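Peer 1: Sharing a structure with you now.
Protein chains: 2
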Amino acid sequence: MKNSSENINNYIYGKNSVLETISQNPRRINKIFFSTGINFDNKLKKIKEAAEKNSILIQFTNLNKFNKYFQTDDKKLQNINFQGVLASVSPVEYKDFEEFLDEKTSKYKKAVILDGVTDPHNFGAIIRTLAAASFDAVIIPKHRCCPVSAVVEKTSAGAVNHISIIKVNSLPSTIDVLKKNDWWIIAADAQCEDNYFDISYKDMNFAIILGAEGEGVSKTLLNKADFKVKIPCAFESLNVSAAAAVIVYESVRQIHQK
Amino acid sequence: MKNSSENINNYIYGKNSVLETISQNPRRINKIFFSTGINFDNKLKKIKEAAEKNSILIQFTNLNKFNKYFQTDDKKLQNINFQGVLASVSPVEYKDFEEFLDEKTSKYKKAVILDGVTDPHNFGAIIRTLAAASFDAVIIPKHRCCPVSAVVEKTSAGAVNHISIIKVNSLPSTIDVLKKNDWWIIAADAQCEDNYFDISYKDMNFAIILGAEGEGVSKTLLNKADFKVKIPCAFESLNVSAAAAVIVYESVRQIHQK
Chain Z
153 MKNSSENINN
163 YIYGKNSVLE
173 TISQNPRRIN
183 KIFFSTGINF
193 DNKLKKIKEA
203 AEKNSILIQF
213 TNLNKFNKYF
223 QTDDKKLQNI
233 NFQGVLASVS
243 PVEYKDFEEF
253 LDEKTSKYKK
263 AVILDGVTDP
273 HNFGAIIRTL
283 AAASFDAVII
293 PKHRCCPVSA
303 VVEKTSAGAV
313 NHISIIKVNS
323 LPSTIDVLKK
333 NDWWIIAADA
343 QCEDNYFDIS
353 YKDMNFAIIL
363 GAEGEGVSKT
373 LLNKADFKVK
383 IPCAFESLNV
393 SAAAAVIVYE
403 SVRQIHQK
Chain Y
153 MKNSSENINN
163 YIYGKNSVLE
173 TISQNPRRIN
183 KIFFSTGINF
193 DNKLKKIKEA
203 AEKNSILIQF
213 TNLNKFNKYF
223 QTDDKKLQNI
233 NFQGVLASVS
243 PVEYKDFEEF
253 LDEKTSKYKK
263 AVILDGVTDP
273 HNFGAIIRTL
283 AAASFDAVII
293 PKHRCCPVSA
303 VVEKTSAGAV
313 NHISIIKVNS
323 LPSTIDVLKK
333 NDWWIIAADA
343 QCEDNYFDIS
353 YKDMNFAIIL
363 GAEGEGVSKT
373 LLNKADFKVK
383 IPCAFESLNV
393 SAAAAVIVYE
403 SVRQIHQK
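Chains as they are written, first to last, in this note's numbering: chain Z, 153 to 410; chain Y, 153 to 410.
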């Protein structure tokens, strides 16, 4: 660490996050710092082995002193629990939207579009759920979405390396292109008629649009959706990452269940 | 605020959290502090009206200076965003387990049992999901679970006032009593055969046991379960609050859908 202050977003930390990144995408990692004087468990050993295999620089140091090097606006980051490991990384590579459309990876593709979700913990949690549910991509707008920061990587438990993250200039025109390419667009909307389990997710490419808490999905995008679905709620609404888990796994259930 | 240091857990903060508590359980609130010099929006107005109606003391003050009064081990709490409102409260009242069993509130009752979930953000998020899904209760052990702290109340968006929170001495013997009282016990277990959507949640009292990330549900409790279910995951496992949302809402789907 050369400078007296660094941007935390050039680093990832936490065992799962570093282990997933080094397994899936070792070229992103420039250097790994391990804490001195800690219990070197299985996950840390695996990270060290993978680092050696990939000729990645390793340094043992007192990680606690690193906290003060990071400049961040997020007050929650002022005392990071590194879990013994910190890695300096190049940023997550965004997937090009056109390239994603052309890829013949699976018969049908599944994506989530985030409209105005700015909380990094929610963004990371959603990415983790999408990777678990074998979704292909998350599509975010250039503006009104948080970047793939260290908090997002950590909350995703390294899942940022498992699905395509696509950043687009305009969500409305991206949705138009998806529709032209035989995708179906489903928007979450608390005010609509259909429940999320009333529609079919089988045998089609589909993208689910989720909006920010409070505001929901913007009117422009709602108007472009083929289906609008709600989650029945007896109390307030669900947190956006819980809502994502519920709808995404309903599609998993329909596709899995005979 | 009389003393030079206070326990944050005697307070709740955030508009939704305070609004829900004053609507559902005004007797819990001793005094409300509003920030001076902020935009007094609809939610804050509703809180003020409800406070006046319930003869609750109100004080306008500079809330930012309050941060330093709170003693807390949680570093994330060192700079709280109060959203303009802070209330001094008596603790959440736990519901007595026997009383809960005897209550004739609905034909069938639904609960979640948390085994070793210690993260307050996950606990709060799960309570919020349970209230949205019309569940009756969350059952936690006296040890190995975090208390209903200010963070839990805030993350639950006030939902702690909407469902019964039951604290028991022993989860195994509580499960025995539930089974004797015609409840079915479902445990989440990554290693089992059945998917969470392969079992029926209809026409029965049931409790879903969820374990801590990494460790899962303890063997003793797994052995007592009538059903063990897993969530199919292509990448790692889900966060416990996402897992709760997925299983809980599968039961909602089955009960709602014709």
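Cβ coordinates follow ideal geometry from the N, Cα and C atoms, glycine included.
In this text, all values refer to a predicted model and were calculated from it rather than measured experimentally.
1) To which residues of the same chain is V320(Z) closer than 8 Å at the C-beta, ignoring the five residues directly before and after it?
2) Within a Cβ cutoff of 7 Å, which residues of the same chain sit near Y163(Y), ignoring the five residues on either side of it in sequence?
3) Counting only runs that start and end within the segment 224 to 306 of chain Y, where is the alpha helix (DSSP H) found for 4 or more residues in a row?
4) Below 6 Å, is the gap between the Cβ of V264(Y) and the nearest heavy atom of the ligand ATP?
5) Taking contact to mean 3 or more Cβ pairs, one atom from each stretch, closer than 8 Å, check whether the segment 275 to 286 of chain Z and the segment 385 to 399 of chain Y are in contact.
6) Which partner residues of I317(Z) appear in the DSSP bridge assignment?
7) Using Cβ-Cβ distances below 7 Å, what residues of the segment 349 to 374 of chain Y are close to chain Z?
8) Check the Cβ-Cβ distances between S156(Y) and every residue of chain Z, and say whether any is below 7 Å.
9) Mind checking G366(Z): buried by the 16 CB within 10 Å criterion, or exposed?
10) So, for A377(Y): in the same chain, excluding its five sequence neighbours on each side, which residues have a beta-carbon less than 6 Å away from its beta-carbon?
11) Evaluate F358(Z) with the Cβ neighbour count: other Cβ atoms within 10 Å of its Cβ, from every protein chain shown; 16 or more gives buried, anything less gives exposed.
12) Based on DSSP bridge pairs, tell me the residues matched to N333(Y).
13) Looking only at C-alpha atoms, which of E172(Z), N347(Z), V264(Z), H273(Z) sits nearest to L330(Z)?
14) For D267(Y), collect the residues of the same chain with a Cβ closer than 8 Å to its Cβ; drop the 5 residues on either side in sequence, then sort them by chain order.
15) Which word fits F218(Z), buried or exposed, when buried means at least 16 other C-beta atoms lie within 10 angstroms of its C-beta?
16) Would you call E251(Z) buried or exposed, if buried means 16 or more other Cβ atoms sit within 10 Å of its Cβ?
17) Taking the continuous alpha helix (DSSP H) assigned at S207(Z), which residues delimit it?
18) If you measure from the beta carbon of A284(Z) to each beta carbon in chain Y, is any gap under 7 Å?
19) Given A309(Y), which residues of its chain have a CB within under 6 Å of its CB, disregarding the five upstream and five downstream residues?
20) In chain order, what residues of the same chain have a beta carbon less than 6 Å from the beta carbon of F185(Y), not counting five sequence neighbours either side?
21) Measuring alpha carbon to alpha carbon, tell me which of A202(Y), K262(Y), N177(Y), S258(Y) ends up nearest Y353(Y).
22) Decide if L215(Z) is buried, meaning its Cβ has at least 16 other Cβ atoms within 10 Å, or exposed.
23) Could you tell me the boundaries of the alpha helix (DSSP H) in which K371(Z) lies?
24) Note down, in chain order, every chain Y residue with its Cβ under 9 Å from the Cβ of H408(Z).
25) Check whether the Cβ atoms of Y246(Z) and I315(Z) sit closer than 7 Å, and answer yes or no.
26) Using DSSP with H/G/I as helix, E/B as strand and the rest coil, what is N219(Y)?
27) Quick one: measure Cβ to Cβ for K380(Z) and D341(Z), integer angstroms, because I've assumed they're closer than 8 Å.
28) Verify whether the separation of the beta carbon atoms of G236(Y) and I190(Y) is less than 7 Å.
29) If you draw a straight line from the C-alpha of D288(Y) to the C-alpha of W335(Z), how long is it?
30) With DSSP as the reference, please indicate the residues paired to V381(Z) in a beta bridge.
31) Could you compute how far the alpha carbon of E305(Z) sits from the alpha carbon of A203(Y)?
32) What does Y260(Z) touch in chain Y if you count any residue whose Cβ is under 7 Å from its own?
33) With distances taken Cα to Cα, identify the nearest neighbour of D271(Y) among S258(Y), L282(Y), T307(Y).
Peer 2: Short version:
1) F249, I291, I292, P293, K294, T326
2) L238, A239, S240, V241, A302
3) 249 to 254, 272 to 284
4) What this structure holds is no ligand at all, so the ligand ATP is not there to describe.
5) yes
6) V290(Z)
7) F349
8) The predicted position of S156(Y) is uncertain, since its pLDDT is 46 and thus under 50; no value can be drawn from it.
9) exposed
10) I337, A339
11) buried
12) N333(Y) pairs with nothing; no bridge assigned.
13) V264(Z)
14) P293, R296, L323, I361, L362, G363, A364, V369, S370, L373
15) buried
16) exposed
17) Where S207(Z) is concerned, there is no enclosing alpha helix (DSSP H), given that its DSSP letter is neither H nor E.
18) yes
19) N168, R280
20) Q211, T213, L238
21) K262(Y)
22) buried
23) 371 to 376
24) N347, F349, P384
25) no
26) helix
27) 4 Å
28) yes
29) 39 Å
30) A340(Z)
31) 42 Å
32) Near Y260(Z) there are no residues of chain Y at all, since even the closest Cβ is about 15 Å away, more than 7 Å.
33) T307(Y)
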